[in-house]
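Protein chains in written order, with our numbering: chain F, 1 to 317; chain P, 1 to 283; chain V, 1 to 283; chain A, 1 to 256; chain S, 1 to 256.
Contents: one structure, followed by commentary.
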Ligand SMILES: Nc1ncnc2c1ncn2[C@@H]1O[C@H](COP(=O)(O)OP(=O)(O)OP(=O)(O)O)[C@@H](O)[C@H]1O
Ligand SMILES: Nc1ncnc2c1ncn2[C@@H]1O[C@H](COP(=O)(O)OP(=O)(O)OP(=O)(O)O)[C@@H](O)[C@H]1O
Ligand SMILES: [Mg+2]
Ligand SMILES: [Mg+2]
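This is the structure in structure tokens:
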């Protein structure tokens, strides 16, 4: 029996897990997986550490943060899904912000503690921004876009995958009217969400972890080829969501977050240790961590199937 | 001294002109009260006609539950008649033409106020006094209240709360509250019921003095025929529930009356005759 | 027929053996009650010694506020004495040796219960009846309650709520609640105060019949000397506050007594002598 | 005014409230992303009702279960606090302190202990509604007239008999007042827990709706909640009128 | 038991509560990420106090302002509902409906209208605490004994005089009961709003702490809230004892 928590309320990007559940891939591995919606990709880590969940879809940077403090309790990433970070600063074009330096003298809004907000000092340091000159305002995630549209803030610390669609829901044109400062383009080459498991599950039942990884891998590759089936799985799980938007979100995650050049070489689910080590350093700086965890404390590739079985090819339909 | 021992007939119900009623303090015209509806309805007061001139002192006697308190509530417009009309001071009872002082049967002192504050309450509400209330309550009004409390023997309890008083003391405080604002129309519902005979007689004398001095209209409910005879200028006797006034006789004794009057043979005889009358209607 | 007109002396306070007190229903030994502390303290009862044998009918008279109700509350253990001791049925008052029925001075009927349910309350609580309460309340107990209510003329009001009754009716219901469970010790605090003379006399007779039949110990507070003389086997007179018992005399009239007794010269003389006694101590 | 006329007036005014909302929104051109118009909400409610239905049932179930437990605990604690001075001194500060804490902070702990879903929702609905009940029951008991208790004391009644026959009936008006508050809080609690951790329930609907900016679905959820609150309030009002009629008596004089 | 002994007992039991929490955490090895021990919380509180202080003041300010406004509105509405049957029929359903809605859903609207920061916190603290006050005031007025009102009616008092001299004093025990509930809700409301959008206040601290997995700082914030709630409760208790002493009278017999 495995209790699995998603990163947030049901979203198109959760398709790999929901498809695996719906098609019975978990059952085929002899696993009984119950999937719950989550409260945030960082909270996934807390939920697993607290023992309420065995596995979940969450942010690797939150693992890094916790591993620095509680190396024996922090969960371990076993299948990296989002190879590229969704962290971004979005600003409407009419504010005239075109380079990071333009942030000086402006007000940016964001939820305190989300990686985008927390890593902004590093972003500022790397791009020569005077942090003191940028005003930050705390607000709940779902207030960012409306406040930006109303002009109360000039930009927002967001996840691009979330904010893009929030802007669409607010009847904006994210593509043409907004400028996106993606962190990865500004020297912050971080990893982000993937499937993590608890230390306890890892120690007590490695077979289950392997099965979990196999099932999710299989579903992920399938999702990349057939999004309609993925959407069916999502709607079966939660019929409240808007199918069209989630479809677009799924596509967005496939093309913008998962389909990195690196993946073509190492296969879906894996990551590059050097890059992870670099991002650990970035995270440590952003969060004032006292200790740099080893990449091996964060990521365990032991359960990944051979690369040949993890070849990721996106076919949009 | 004359005494009309024969019960006068109840005045016939008749339409009164506005002038005639203006001359009267209280005028019940075939007023009746029915509580509730349908099967559970209780007729508290059968159609009753009662006219009281200004400055009269009317005692109302009758068996328990016959509607005496109900009449007082009609007059003070706490109840509206189911039928008939109630006119006080020449106007509908609900329009306040007379300053009313009422002592309820159950002493209903407000539990969150001290005795002094309770007794002072009318001065806070009633027109000629209310205007001065802010200014006077610490001096003149307080003295006034204390003087009245002293007269009923409660001078030491002005600062106490109602629950700290005995039954009889409560009743005396209750009486003070009815008197403090010098009402034109005094409605007293068994104001001396819980008092011993001596205290009672003292208060009779006080009440009589007050009556003779200021001549308010008084409507006194009592079960004590001697009390009625000693104080009233007129005694109305009611029948058992549903009550009607079955006898209405004047007491033509000169006032002020001496307290020894109640032991005089002719007075005893009068109370006896009333007693017999009541005994008759009970059957 | 003999009548001891001279007041007997108050029995001296003395230590009583356990046996002696077991033979008595009520025993107050220099019991006093002081409310409050310091400057505002009120002595409600000066040290009082009162012994009542089983089956006695004691009437307690005295001026308003002298501590009569306080004595009843001591006996029913609603109050504890500030000093001295109160023994009921041979035990500390708080240990219940006798079945007590109490009629409070203010009818304290529970406002959420109908009259019937209010009167039935003791049957729900008091030992011999409570065991059968579940089973009997619809039949036997109800009949019992209705019979008692009918005796005081409230048969039509069993289903009414207290606020729907007149003052006198409430007092009668209150009395019923004190009697329904056939108490051994009956504490009555002015139970007939709000009633007219006829109803009152009827209830005197009822109470006397009940007393003679079952012989409970009765402690009756009243302001009516005729009531005290007609009903009691012993009359205790109290001084004004702080009250003490200043006279304690037996009434040696044979029982049952006829209601016409109260008009007989020797009875009138006795009440007169009591009256004078009270008048004396008031000064 | 007669009963009927008052009913009609009330209904008209409540209707007027929504009409004004509608008109104001149209007039001030309030974006439907911010505050949808009642008609839009009603339309959403109508079209999405089949989807909402299981969530409604879920929330109702959690709320009522939690509320029921909360009432039991609240009355028990209220009786304790109202009758024992020690309990008063101990439990009141702890309860007040606990109640000053936003339950949002407590729900994650419930989730960590009991997993997500129905259990934390029930627990949250329960803990959130205990305090008003405790306060009102305790106050009701503390303000009971000693005279009424004396009636039972003279009969030699035990403390529990006094409680059952005087204290609790006397505290009923207080109790019903607190129920109205408690039931609304229960809804809030259950929904809160569902927003944090649940796959079902109105709270989950609202969370999904708000994170996707489906504002009219969010408001449809709020409407459903409000309607359920009002329905339960009506039930309690009915019970209240029967149980505490003695306290709100109005003399009824037949006028012929 | 004497007053002093009860105080000591209470304090001991409250202390015992925290001791048990400490021991249970140690014994069951509860992760401090989940539920920190009281000693850890106290230590955090002590070391971080200078940082917390301005936030505490901010929250206290928002809460008290909102609470004050809420009391005024609540009493006004309560009086309306308690005295007018039309207001009862109109306002009660609307209020109940509104109260059944989690305020989390309302705060974003406040923020969008009034900007982030203090204003929405005050507003939330206000709206959340109105309902319990309304309900209790209205119930208190509705259950006033008609006999007491009759005293004033015979004097020809106006409705407002009756209200001031009988209705409101009579409703005081109800009012104070509701204040205890309302003040805790005010804290919850203010903090809630701060978590949604604010750069200051305990709510903001808690949000930051929880997203940084600083559980003991989060709990330190909760402790501060609880302490403020208890402090205000103590203030109201003191006032209550003075104002409603008549309703909770206990006969005081001098024993010599
Ligand atoms: N609020 C009420 N609802 C229903 N019935 C009532 C109400 N008030 C009084 N009654 C009934 O009206 C009748 C008359 O009551 P009222 O109080 O006038 O009697 P009363 O003459 O004052 O008697 P008493 O001498 O006992 O005080 C009684 O039968 C009583 O039951
Ligand atoms: N709870 C109390 N607190 C303070 N003082 C009290 C309390 N109860 C009674 N008293 C005082 O005790 C005294 C005696 O009261 P008690 O009720 O015994 O008088 P009583 O003899 O029954 O008088 P009455 O004939 O007027 O009923 C009174 O002066 C009263 O003020
Ligand atoms: Mg009467
Ligand atoms: Mg007395």
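We put the CB at the ideal spot given by N, CA and C, even for glycine.
Just verifying my parser: in three-state terms, what is the DSSP assignment at residue i?
| i | result |
| --- | --- |
| residue 188 of chain V | strand |
| residue 161 of chain V | coil |
| residue 32 of chain V | strand |
| residue 250 of chain V | strand |
| residue 242 of chain S | helix |
| residue 101 of chain A | coil |
| residue 133 of chain S | helix |
| residue 139 of chain F | coil |
| residue 226 of chain P | helix |
| residue 58 of chain F | strand |
| residue 272 of chain P | helix |
| residue 197 of chain F | strand |
| residue 51 of chain V | strand |
| residue 180 of chain F | strand |
| residue 80 of chain V | coil |
| residue 227 of chain F | helix |
| residue 6 of chain V | Because residue 6 of chain V sits at a pLDDT of 41, beneath the cut-off of 50, its placement in the model cannot be relied upon, and the following sentence gives the value as read from the coordinates. Correct three-state label for residue 6 of chain V: coil. |
| residue 109 of chain V | coil |
Skipping 5 residues on each side, what residues in its chain have a beta carbon closer than 7 Å to that of residue i?
| i | result |
| --- | --- |
| residue 281 of chain F | 292 |
| residue 271 of chain P | 225, 226 and 229 |
Provide the residue span of the alpha helix (DSSP H) that contains residue i, from first to last.
| i | result |
| --- | --- |
| residue 109 of chain A | 107-114 |
| residue 13 of chain A | 3-28 |
| residue 208 of chain V | 197-214 |
| residue 46 of chain S | 38-83 |
| residue 128 of chain V | 127-130 |
Determine the extent of the beta strand (DSSP E) in which residue i is found, giving its start and end residues.
| i | result |
| --- | --- |
| residue 83 of chain P | 83-88 |
| residue 157 of chain F | 155-159 |
| residue 103 of chain F | Segment: none, residue 103 of chain F is in no beta strand (DSSP E) and carries neither H nor E. |
| residue 236 of chain V | 234-238 |
| residue 58 of chain P | 57-61 |
If we count the other Cβ atoms within 10 Å of its Cβ and call it buried at 16 or more, is residue i buried or exposed?
| i | result |
| --- | --- |
| residue 20 of chain F | buried |
| residue 57 of chain S | exposed |
| residue 29 of chain F | buried |
| residue 47 of chain S | exposed |
| residue 215 of chain P | exposed |
Using a Cβ-Cβ cut-off of 8 Å (strictly less than) and excluding sequence neighbours within five positions of residue i, which residues of its own chain qualify?
| i | result |
| --- | --- |
| residue 24 of chain S | 30 |
| residue 195 of chain A | 203, 204, 206 and 207 |
| residue 98 of chain V | 25, 88, 89, 183, 184, 185 and 217 |
With a threshold of 6 Å on Cβ separation, who are the neighbours of residue i within its own chain once the five nearest residues in sequence on each side are excluded?
| i | result |
| --- | --- |
| residue 21 of chain V | The predicted model places residue 21 of chain V with a pLDDT of 45, which falls under 50 and marks its position as unreliable, so this point remains unresolved. |
| residue 294 of chain S | Residue 294 of chain S is absent from the model: chain S starts at 1 and stops at 256. |
Looking at residue i and ligand 6, is the gap between the Cβ and the nearest heavy atom below 7 Å?
| i | result |
| --- | --- |
| residue 124 of chain P | Ligand 6 is not part of this structure, which contains only ligand 1, ligand 2, ligand 3 and ligand 4. |
Evaluate contact between the segment 240-250 of chain F and the segment 45-62 of chain F, counting only Cβ atoms and requiring at least three cross-stretch pairs below 8 Å. At 8 Å Cβ cutoff, the stretches do not touch.
Would you be able to state if there are at least three C-beta pairs under 8 Å between the segment 252-271 of chain F and the segment 292-304 of chain F? yes
Do the segment 163-176 of chain P and the segment 73-82 of chain P meet, that is, are 3 or more Cβ pairs less than 8 Å apart? no
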